[in-house]
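Below: one structure, written as structure tokens.
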Amino acid sequence: MSVGPHAPVDGRPDPSLLAHSRAAFTVAKARRRWHWRLEVIASGLALLAAFIPYGTVAAASALLSVGAKLIARQRASQARALFRQAERARRYDFEQRTLGWPVPGRVHADSLLAFPDEVEELARELAKKDDDYFEEKGGPTPVRFVWNLAESIFWTEKLTDAMAGRRARQLTLAIAAIAVTLCGLILVEPSGLLQQAQVTVTAIVGLKVLGAFVSFMVALDVFGELSAFRRGSRECRDLGAALERWLDPPDREEGLRILIEYNCLLADLPMVPDEIHQKYHARLNKLWAEASARMRRG
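The sequence shown begins at 43 in this note's numbering and counts up one residue at a time.
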């Protein structure tokens with residue numbers, strides 16, 4: 043069983059898998075933003091814990107820092123799960139649009155049912171923009187396949203490169219936060235600490251150190267995304283160069299090989315926030331139009 047044209051629902055066309063995947067990406071990224079906000083809160087609380095001169099308050103701040111970090115981790119897991127669903131829908135839609143491969147009915151139904159209601163509503167709004175998603179339009183042909191793939195790789199390369207620069211700046215701030223937190227641990231001694239029982243002293247100091255460890259973990263998260271974005275940009279550049287040789291005349295088999303590598307790369311990349319897409323959208327559209335025109339001539 044395969045999926046044909048979408049039937050109307052309540053007088054409106056049923057959104058495509060592309061619209062659903064774009065909506066799911068947006069919702070997943072919104073959840074991911076909450077993860078980074080909680081990371082900042084966790085790091086800030088750890089910094090406060092290092093400098094607060096009152097032992098009990100410092101310990102409480104450190105505990106809150108750990109709690110914020112744990113909640114951030116849980117939010118990141120939720121966002122990543124939805125991101126994987128969106129990526130799966132995107133792959134099926136791309137293959138259907140450019141290669142003519144029908145989406146199995148069960149897969150289509152399962153994909154749509156897995157999305158939360160907020161994705162469904164947003165997908166209906168985004169469905170109107172399906173026809174403007176790729177520069178090369180028309181039915182499934184080798185020409186559309188290789189050029190849509192080249193455009194996707196181009197955008198991913200440029201966006202991941204922009205995100206690598208952003209994460210590099212944020213890593214500098216995260217490392218500075220660690221250094222300041224460690225200075226606070228060494229230089230600031232909670233008042234009345236020497237009058238406390240040994241067990242209490244150990245607990246307070248231990249919690250403050252745990253808070254500093256949270257700052258270190260936040261920096262590690264930022265460094266992990268920085269490394270992933272740099273790798274993504276580098277590998278997309280290589281894939282784009284490899285595909286360029288098979289654009290004219292279009293080679294479907296070589297394109298399929300590169301598509302597999304590209305899909306594997308995307309599955310492992312961090313999310314690029316929507317504000318980065320919006321910031322670079324007009325410029326990248328212009329650059330891709332110029333680049334594709336040169337490749338078609340040459």
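C-beta atoms are modelled at their ideal positions from N, C-alpha and C, and glycine is treated no differently. Please read all numbers here as calculations on a predicted model, not as lab measurements.
Determine, using beta carbons only, whether residue i and residue j come nearer to each other than 8 angstroms.
| i | j | result |
| --- | --- | --- |
| residue 126 | residue 313 | no |
| residue 307 | residue 332 | no |
| residue 177 | residue 199 | no |
| residue 84 | residue 110 | yes |
| residue 253 | residue 87 | yes |
| residue 272 | residue 206 | yes |
| residue 216 | residue 261 | yes |
| residue 214 | residue 311 | no |
| residue 191 | residue 297 | yes |
| residue 128 | residue 66 | yes |
| residue 81 | residue 114 | yes |
| residue 153 | residue 118 | no |
Quick one, which of the options has its alpha-carbon nearest residue i's?
| i | options | result |
| --- | --- | --- |
| residue 184 | 257, 320 and 294 | 294 |
| residue 100 | 89, 61 and 165 | 89 |
| residue 302 | 137, 92, 173 and 58 | 137 |
| residue 196 | 168, 112, 217 and 304 | 304 |
| residue 143 | 181, 165 and 79 | 181 |
| residue 321 | 61, 296, 337 and 204 | 204 |
| residue 166 | 129, 63 and 279 | 63 |
| residue 223 | 82, 57 and 92 | 92 |
| residue 68 | 105, 161, 56 and 117 | 161 |
| residue 171 | 325, 221, 292 and 58 | 58 |
| residue 189 | 292, 148 and 325 | 292 |
| residue 94 | 228, 328, 148 and 139 | 228 |
Roughly how many whole angstroms lie between the Cα atoms of residue i and residue j?
| i | j | result |
| --- | --- | --- |
| residue 133 | residue 285 | 18 angstroms |
| residue 257 | residue 290 | 51 angstroms |
| residue 283 | residue 96 | 59 angstroms |
| residue 14 | residue 141 | One cannot answer for residue 14 here, as it falls past the ends of the chain, which runs 43 to 340. |
| residue 241 | residue 103 | Only weak support is given to the placement of residue 241: the predicted model assigns it a pLDDT of 47, under 50, and the question is left unresolved by the model. |
| residue 168 | residue 60 | 9 angstroms |
| residue 338 | residue 287 | 11 angstroms |
| residue 186 | residue 299 | 16 angstroms |
| residue 323 | residue 330 | 11 angstroms |
Evaluate the contact criterion for the stretch 152 to 170 versus the stretch 264 to 274: three or more CB pairs, one atom per stretch, below 8 angstroms.
no
Does the stretch 310 to 325 come into contact with the stretch 65 to 82, if we say contact requires no fewer than three beta-carbon pairs (one atom in each stretch) closer than 8 angstroms?
yes
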